[in-house]
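Novice:
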Ligand SMILES: Nc1ncnc2c1ncn2[C@@H]1O[C@H](COP(=O)(O)OP(=O)(O)OP(=O)(O)O)[C@@H](O)[C@H]1O
Ligand SMILES: [Mg+2]
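In structure tokens:
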């Protein structure tokens, strides 16, 4: 059965202009999200995962220069005026972050925040908005009597649930979740991931999950995108990826998971201000050749799988 695409990102290039030079954070990135799937973007810190995610809803600061096309339901949203775009942000594409208090108003009752988010988008009565807020509280498994609580009266895990309720107030088709459980302890992390999975299935929602935790990827992803230094190095179906990663960087990431106590990837992520002629992973790569130093790898497409490497890991 042909999968229906919700989001298509083509030739996304993002750079930040700063007083000491440009920072290239996204280098010709292409990926798409199928309706109802969870796509996880994984990679080490500083690889550009959050920047790519934020660019999708135009939440980057003004020093960002974004090129490329972003299609949502087949419609190019990168060309929309800000006023039209703001109708998509929050209503069709919502975002949650690692720190719930970055999205929650500390001096407003949590129920009212969910209701106001709904009312701002659907222009309905207060009564209807309150009903929707109560429904969302129930969906994120917070008791109705928490409607009148202030955020500081809640635990971190509960605040995370409130943020999810606010994000899902308008039943968005796409939820972008940027490290949503990184700051939580393992048990709460598991509960939040389970909740996201449940809501995804209930609403046939698409999730773009950003994480550097391979355990989360394994539990949540239908497909995976591996990012390194602003490049999407590999895109693969979850099972294929875990059985046989094709990019040497993906192999290294999986080695770390298999042996987290003793294995680290030698070297560090490059400075994104420095231009390199070849593959940015080359200095750390066990399969590197002379060609990798001078030629930028192009995407190799193998059906649904994409690898950006001159020296793909053999069978
Ligand atoms: N406003 C900005 N101006 C200049 N550079 C920026 C700006 N915002 C982000 N960057 C740079 O973009 C690069 C990618 O950052 P990003 O936050 O996307 O990484 P990440 O993969 O999400 O890392 P982490 O796993 O730590 O969250 C970093 O080198 C960062 O310093
Ligand atoms: Mg990040």
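Residue numbers (the UniProt record's numbering): 1 to 315. We put the beta carbon where it would ideally sit given N, CA and C, even for glycine.
Please classify residue 228: is it buried, with 16 or more other beta-carbons within 10 angstroms of its beta-carbon, or exposed?
Specialist: Against the chain shown, residue 228 aligns to sequence position 228. Residue 228 comes out buried.
Novice: If you draw a straight line from the alpha carbon of residue 5 to that of residue 84, how long is it in whole angstroms?
Specialist: For the purposes of this step, residue 5 is taken as residue 5 along the chain shown, with counting starting at 1. For the purposes of this step, residue 84 is taken as residue 84 along the chain shown, with counting starting at 1. If you take the alpha carbons of residue 5 and residue 84, they lie about 21 Å apart.
Novice: Using 10 angstroms around the beta-carbon of residue 75, count the other beta-carbons present and answer buried if the total reaches 16, otherwise exposed.
Specialist: As a working mapping, residue 75 is identified with position 75 in the chain shown. That one is exposed.
Novice: Please classify residue 239 as buried or exposed, where buried requires at least 16 neighbouring CB atoms within 10 angstroms.
Specialist: Mapped onto the chain shown, residue 239 falls at position 239. Its Cβ having fewer than 16 others within 10 Å, residue 239 is exposed.
Novice: How is residue 225 classed by DSSP in three states: helix, strand or coil?
Specialist: The residue given as residue 225 occupies position 225 in the chain shown. In the structure shown, residue 225 sits in a strand (DSSP, three-state: E or B).
Novice: What residue ranges within the stretch 67-109 form continuous alpha helix (DSSP H) runs of no fewer than 4 residues, ordered along the chain?
Specialist: Runs of the alpha helix (DSSP H) inside the stretch 67-109: 82-85.
Novice: Give the DSSP-derived three-state secondary structure of residue 64 in the structure shown.
Specialist: Walking along the chain shown from the start, residue 64 turns up at place 64. In this structure, residue 64 counts as strand in the three-state DSSP scheme.
Novice: Sort out for me which residues DSSP pairs residue 291 with in a bridge.
Specialist: The residue given as residue 291 occupies position 291 in the chain shown. DSSP output for residue 291 lists no bridge partner at all.
Novice: Once DSSP output is grouped into helix, strand and coil, what is the label at residue 140?
Specialist: By 1-based counting over the chain shown, the position of residue 140 is 140. Residue state, collapsed to three classes: coil.
Novice: What is the C-beta distance between residue 231 and residue 27, in whole angstroms, given that I count them as a contact (C-beta under 8 Å)?
Specialist: Locating residue 231 in the chain shown gives position 231, where the first residue counts as 1. Locating residue 27 in the chain shown gives position 27, where the first residue counts as 1. With a Cβ gap of about 5 Å, residue 231 and residue 27 count as contacting.
Novice: In three-state DSSP terms, what is residue 155?
Specialist: As a first step, residue 155 is located in the chain shown; it is residue number 155 there, counting from the start. If DSSP states are grouped into helix, strand and coil, residue 155 belongs with coil.
Novice: Enumerate in chain order the residues of its own chain whose CB-to-CB distance from residue 91 is below 8 Å, with the five nearest sequence positions on each side excluded.
Specialist: Against the chain shown, residue 91 aligns to sequence position 91. Counting only Cβ-Cβ distances below 8 Å, and skipping sequence neighbours, we find 121, 170 and 172.
Novice: Tell me the rounded alpha-carbon separation between residue 287 and residue 175.
Specialist: If you number the chain shown from 1, residue 287 lands on position 287. If you number the chain shown from 1, residue 175 lands on position 175. Their backbone Cα atoms lie some 36 Å apart in a straight line.
Novice: Three-state secondary structure (DSSP) at residue 169?
Specialist: In the chain shown, counting from the first residue as 1, residue 169 sits at position 169. Residue 169: coil per DSSP, three-state reduction.
Novice: I want to check one thing, is the minimum distance from the CB of residue 217 to the heavy atoms of ligand 1 below 7 Å?
Specialist: Numbered from 1 along the chain shown, position 217 holds the residue referred to as residue 217. Because no heavy atom of ligand 1 lies under 7 Å away, the Cβ of residue 217 does not count as near it: no.
Novice: Just to confirm the assignment, what range does the alpha helix (DSSP H) spanning residue 198 have?
Specialist: Counted from its first residue, the chain shown places residue 198 at position 198. Counting along the chain, the alpha helix (DSSP H) containing residue 198 begins and ends at 186-203.
Novice: Is it buried or exposed for residue 252, if we count other Cβ within 10 angstroms and need 16 for buried?
Specialist: Residue mapping note: residue 252 aligns to position 252 of the chain shown, counting from 1. When all chains shown are included, residue 252 counts as buried.
Novice: Label residue 202 either buried or exposed according to how many other C-beta atoms from any shown protein chain fall within 10 Å of its C-beta, with 16 as the threshold for buried.
Specialist: For the purposes of this step, residue 202 is identified with residue 202 of the chain shown, where counting begins at 1. The residue is exposed, with fewer than 16 neighbouring Cβ atoms inside 10 Å.
Novice: Taking 8 Å as the cut-off, decide whether the C-beta atoms of residue 164 and residue 140 are in contact.
Specialist: Numbered from its first residue, the chain shown carries residue 164 at position 164. Numbered from its first residue, the chain shown carries residue 140 at position 140. Yes.
Novice: Measure the C-alpha to C-alpha separation of residue 125 and residue 154 and round it to an integer number of angstroms.
Specialist: Within the chain shown, numbered from 1, the residue matching residue 125 stands at position 125. Within the chain shown, numbered from 1, the residue matching residue 154 stands at position 154. Approximately 28 Å between the Cα atoms of the pair.
Novice: Given 7 Å as the limit, tell me if residue 319 has its C-beta closer than that to any heavy atom belonging to ligand 2.
Specialist: The structure shown does not extend to residue 319, since the chain spans only 1 to 315, so no value can be given for it.
Novice: For residue 337, does the three-state DSSP call read helix, strand or coil?
Specialist: Since the first residue shown for the chain is 1 and the last is 315, residue 337 is missing from the structure and cannot be characterised.
Novice: State the Cα-Cα distance for the pair residue 237 and residue 33, rounded to the nearest angstrom.
Specialist: If you number the chain shown from 1, residue 237 lands on position 237. If you number the chain shown from 1, residue 33 lands on position 33. One C-alpha to the other measures close to 12 Å.
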